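Notes to accompany the following structure.
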């Protein structure tokens, strides 16, 4: 191998609260998204990358998607938004990957990469993620302890 590899896998916690409603709008926080998706050169990465992305309230995110070809796209509480800063975003190939939030030194899976505007990492265009809190009851009902 060309580099050292760690073979380490641990489960991630489900969210303990709905971050979309328990967040003070004046105190936005960051989350981490990881994946092997397209980078600024439009090539897929051969190493897992991570980027810190800020939480974006759904109403503000909807405004970003109310323009151009995305005008008919309606966001709902089963989704959450993060990013919107130039050059920092999930991208093609990252779909299905985790959006994580650190809560008291434990990471929680708060979102799953869904979609975003093209090109990725456009200023003012947050990425859209499935809001895991909205699916938590279903997830708990199908996972065998």
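In this note's numbering, the protein residues as written are 514 to 658.
Glycine is no exception: its CB is placed at the ideal position from the N, C-alpha and C atoms.
Please read all numbers here as calculations on a predicted model, not as lab measurements.
Between residue i and residue j, what straight-line distance do the alpha-carbon atoms span, to the nearest angstrom?
i           : j           : result
residue 519 : residue 580 : 43 Å
residue 610 : residue 556 : 17 Å
residue 604 : residue 657 : 32 Å
residue 647 : residue 554 : 35 Å
residue 598 : residue 655 : 36 Å
residue 653 : residue 593 : 20 Å
residue 524 : residue 587 : 32 Å
residue 590 : residue 558 : 31 Å
residue 600 : residue 572 : 22 Å
residue 629 : residue 618 : 29 Å
residue 595 : residue 606 : 17 Å
Since residue i is in the beta strand (DSSP E), which residue starts that stretch and which ends it?
i           : result
residue 594 : 592 to 596
residue 545 : 543 to 548
residue 615 : 611 to 616
residue 622 : 619 to 628
Does DSSP put residue i in a helix, in a strand, or in coil?
i           : result
residue 565 : strand
residue 551 : strand
residue 576 : helix
So the alpha helix (DSSP H) residue i belongs to, where does it begin and stop?
i           : result
residue 655 : 645 to 655
Around the Cβ of residue i, are there at least 16 other Cβ atoms within 10 angstroms (buried) or fewer (exposed)?
i           : result
residue 644 : buried
residue 497 : This structure leaves residue 497 out entirely; the chain is present only between 514 and 658.
residue 615 : exposed
residue 560 : exposed
residue 633 : buried
residue 576 : exposed
residue 526 : exposed
residue 548 : buried
residue 532 : buried
residue 542 : exposed
residue 565 : exposed
residue 568 : buried
In the DSSP assignment, what are the bridge partners of residue i?
i           : result
residue 521 : According to DSSP, residue 521 bridges with nothing at all.
residue 641 : 594, 628
residue 526 : 621
residue 601 : 598
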